[in-house]
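Q: All residue numbers for the sequence shown refer to our numbering, where the first residue is 10 and numbers rise by one. Questions regarding the structure given below will be posed in turn.
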Amino acid sequence: MKALVWCAPYKVQVEEVPDPAIINRRDAIVRITSTAICGSDLHLVDGFIPFMQPGDILGHEPMGVVEELGPDVDRNRVNVGDRVVVPFPLGCGQCFYCRRQLWSCCDNTNPNPTPGETLHGFSTAGILGYSHLTGGFAGGQAELLRVPLADVNLQKMPAELSDHQVLFLSDVFPTGYMAAEACNIQPDDTVAVWGCGPVGQFAIRSALLLGAGRVVAIDDARRVPERMAMAQSAGAETIDMHDQYVYDRLLDITGGIGPDVCIDAVGMEAHGYTALESFYDKLKTNLFQETERPHALRQAIQCCRKGGTVSVPGVYGGFSDKFPLGALMNKGLTIKTGQTHVHRYVPALLEHIGAGRIDPSFVVTHRLPLSEAPRAYELFRAKQDGCIKVVLDPAA
Ligand SMILES: NC(=O)c1ccc[n+]([C@@H]2O[C@H](COP(=O)([O-])OP(=O)(O)OC[C@H]3O[C@@H](n4cnc5c(N)ncnc54)[C@H](O)[C@@H]3O)[C@@H](O)[C@H]2O)c1
Ligand SMILES: [Zn+2]
Ligand SMILES: [Zn+2]
10 MKALVWCAPY KVQVEEVPDP AIINRRDAIV RITSTAICGS DLHLVDGFIP FMQPGDILGH
70 EPMGVVEELG PDVDRNRVNV GDRVVVPFPL GCGQCFYCRR QLWSCCDNTN PNPTPGETLH
130 GFSTAGILGY SHLTGGFAGG QAELLRVPLA DVNLQKMPAE LSDHQVLFLS DVFPTGYMAA
190 EACNIQPDDT VAVWGCGPVG QFAIRSALLL GAGRVVAIDD ARRVPERMAM AQSAGAETID
250 MHDQYVYDRL LDITGGIGPD VCIDAVGMEA HGYTALESFY DKLKTNLFQE TERPHALRQA
310 IQCCRKGGTV SVPGVYGGFS DKFPLGALMN KGLTIKTGQT HVHRYVPALL EHIGAGRIDP
370 SFVVTHRLPL SEAPRAYELF RAKQDGCIKV VLDPAA
């Protein structure tokens, strides 16, 4: 089959690789019909997650049709021919964490726990196509995908909804939703969202679905005007991270108290607000003195009102420098974060889609054949050609 393979930092290519096979008795093989590229894939391509090996297949936002099932898959839950979305974290459904709906913390699906235990104290769930830190599973930017524990992980989709309407239940819709839901949003709350990528877009819409009074989105208006426009079309006000001093603007908007909720939908590869700040974190990451560039998170903590909530769907991997712990502690902020517990949100979000309250296909700007995946990565990475979200089509 064809698959998008990681070769080295900044180099991916489409290669002919062996078809996946049923290895364990509860595996499924899914023929992929649509598969998206995520901001999290960029962290792998840009070399920020140091647990990749040449030949690893990327992709954790796939959907398709079940082609083959192992003998022990519960046929009451999934069958050959079912149309399914695959959540990016793999759950077992039975451990302490899965039973508490903390699916991305599953204790049983990461067969390679040592790096996670060394780096984070405990390893978390296996994640498809997301490095050997999370199990080294082959990902879904491919014609075929093996999914372990298929009767727990495959999410059946209704025929009347298109691929583009349901595909993002694999990751970015639940991710934006969990980021907003974690903040106990009240009707008169102002929610500020850093980053207008797909995660930011779904956080904005989720905050509004959850009744936020006002949503303010922050990104770079010169670099990604189309993302700002998409945020505005959802009902958000926007602030350009360069043209205005974000803290002052947020204070103006909130009568001097700051946003009640601040969501960092940028993560470890944020751009700095000043040349000096950018240079500082670039130098520190290049010298291995820190592992990420937490510009957006620092600013979110600084801007959040006293007693407010900072929610962090943006991905971080290791250790950050100049982390404003003093602001966090003295203002009495609450931090909410995590890899998304996707399975927990699928039923409710599918209901929102089915009822027409949101149509996630709004975020798709590019659909390309899988064979053009390297170009798709380039467009998405450089934010060229108005690229906000790419869906790859293995059958094209
Ligand atoms: N928690 C999870 O389970 C989960 C799931 C999916 C994605 N993520 C993470 O969410 C983040 C966003 O993903 P995405 O797909 O939207 O990525 P993306 O790269 O498309 O979007 C990031 C956006 O942030 C903007 N940005 C950069 N620096 C900024 C700054 N200092 N202030 C404001 N905006 C800034 C960029 O211009 C860009 O529009 C990534 O870190 C990704 O890894 C987390
Ligand atoms: Zn993702
Ligand atoms: Zn589990």
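Even for Gly, the Cβ is constructed at its ideal location relative to N, Cα and C. This structure is a prediction, so every number in the text was calculated from the model and none was measured.
Under 7 angstroms Cβ to Cβ from G341, same chain only, skipping five residues before and after it: list those, please.
A: For the purposes of this step, residue 341 is taken as residue 332 along the sequence shown, with counting starting at 1. The residues are K315, G316.
Q: How big is the Cα-Cα spacing for P196 and R223?
A: Residue numbering aside, residue 196 sits at position 187 when the sequence shown is read from its first letter. Residue numbering aside, residue 223 sits at position 214 when the sequence shown is read from its first letter. The alpha-carbon of P196 is positioned some 9 angstroms away from that of R223.
Q: Nearest CA to the CA of C16: which residue from M61, I31, I32?
A: The sequence position of residue 16 within the sequence shown is 7, counting from 1. The residue with the shortest Cα to Cα distance from C16 is M61.
Q: Suppose the cutoff is 6 angstroms on Cβ atoms and the five residues either side in sequence are ignored; what does the same chain contact list for D306 look like?
A: Position 297 of the sequence shown, counting from 1, holds the residue named residue 306. The question names Asp, but residue 306 in the sequence shown is Leu. So the list reads D273, once near-sequence residues are dropped.
Q: With a threshold of 6 angstroms on Cβ separation, who are the neighbours of G327 within its own chain once the five nearest residues in sequence on each side are excluded?
A: What you label residue 327 is simply residue 318 of the sequence shown in a count that begins at 1. Result list for G327: T300, in chain order.
Q: Here's the rule I'm using: 16 or more other beta-carbon atoms within 10 Å means buried, otherwise exposed. How should Y254 be labelled?
A: Residue 254 sits at position 245 when you count from the first residue of the sequence shown. Exposed, by the Cβ-count rule.
Q: Am I right that I36 and G79 are in contact with their C-beta atoms under 8 angstroms? What's the rounded C-beta distance?
A: On the sequence shown, position 27 is the one that residue 36 refers to. On the sequence shown, position 70 is the one that residue 79 refers to. The sequence as given places Asp at residue 36; Ile does not occur at that position. Yes, they are in contact, since the Cβ atoms of D36 and G79 sit about 5 angstroms apart, within 8 angstroms.
Q: Is the segment 278-290 touching the segment 205-223, taking contact as three or more C-beta pairs under 8 angstroms?
A: no
Q: Around the C-beta of T127, are 16 or more other C-beta atoms found within 10 angstroms, so that it is buried, or is it exposed?
A: Within the sequence shown, residue 127 is the residue found at index 118, counting from 1. Under this definition T127 is an exposed residue.
Q: Ends of the beta strand (DSSP E) at T343?
A: Position 334 of the sequence shown, counted from the start, is the residue given in the question as residue 343. Taken as a continuous stretch (DSSP letters only), the beta strand (DSSP E) holding T343 covers 343-346.
Q: Can you determine whether any heavy atom of ligand 1 sits closer than 7 angstroms to the C-beta of D228, and answer yes or no?
A: Locating residue 228 in the sequence shown gives position 219, counting from the first residue. Yes, the Cβ of D228 comes within 7 angstroms of a heavy atom of ligand 1.
Q: Touch check for the segment 183-198 and the segment 116-123: three-plus C-beta pairs under 8 angstroms?
A: no
Q: Excluding the five sequence neighbours on either side, which residues of its own chain have a C-beta within less than 6 angstroms of the C-beta of M187, listed in chain order?
A: As a position in the sequence shown, residue 187 is number 178, starting the count at 1. These residues qualify, in order along the chain: T349.
Q: Does any heavy atom of ligand 2 sit closer than 7 angstroms to the C-beta of S113?
A: Numbered from 1 along the sequence shown, position 104 holds the residue referred to as residue 113. Checking the Cβ of S113 against ligand 2 gives no.
Q: For N117, verify whether its CB is less than 7 angstroms away from any heavy atom of ligand 3.
A: Translated into positions along the sequence shown, residue 117 becomes position 108. Flag set: Cβ of N117 near ligand 3.
Q: Which one or two residues does DSSP pair with Q22 in a beta bridge?
A: For the purposes of this step, residue 22 is taken as the residue at position 13 of the sequence shown. Answer is V14, bridged to Q22.
Q: Kindly indicate which three-state DSSP category Q311 falls into: helix, strand or coil?
A: Here residue 311 corresponds to residue number 302 of the sequence shown, with the count starting at 1. In this structure, Q311 counts as helix in the three-state DSSP scheme.
Q: Could you say if the segment 59-76 and the segment 152-166 meet the contact criterion of at least three C-beta pairs nearer than 8 angstroms?
A: yes
Q: How about D160 and V233: are their beta carbons less than 8 angstroms apart?
A: Against the sequence shown, residue 160 aligns to sequence position 151. Against the sequence shown, residue 233 aligns to sequence position 224. The answer is no: Cβ separation not under 8 angstroms.
Q: Taking C-beta to C-beta, are Q311 and P333 nearer than 8 angstroms?
A: Position 302 of the sequence shown holds residue 311. Position 324 of the sequence shown holds residue 333. Result yes, Cβ atoms of Q311 and P333 sit closer than 8 angstroms.
Q: Should G326 be listed as close to ligand 3, given that the test is whether its C-beta is under 7 angstroms from any heavy atom?
A: Position 317 of the sequence shown, counting from 1, holds the residue named residue 326. No, ligand 3 has no heavy atom inside 7 angstroms of this Cβ.
Q: Give the C-beta separation of I41 and L154 to the nearest angstrom, bearing in mind that I take them to be a contact with Cβ-Cβ under 8 angstroms.
A: For this step, residue 41 is matched to residue 32 along the sequence shown. For this step, residue 154 is matched to residue 145 along the sequence shown. So it is a contact: roughly 6 angstroms between Cβ atoms.
Q: Please find out if some non-hydrogen atom of ligand 3 comes closer than 7 angstroms to the beta-carbon of G100.
A: In the sequence shown, residue 100 corresponds to position 91, counting from 1. True, at least one ligand heavy atom lies under 7 angstroms from that Cβ.
Q: Have a look at the DSSP bridge pairing and note the partners of K165.
A: By 1-based counting over the sequence shown, the position of residue 165 is 156. K165 is bridged to V93.
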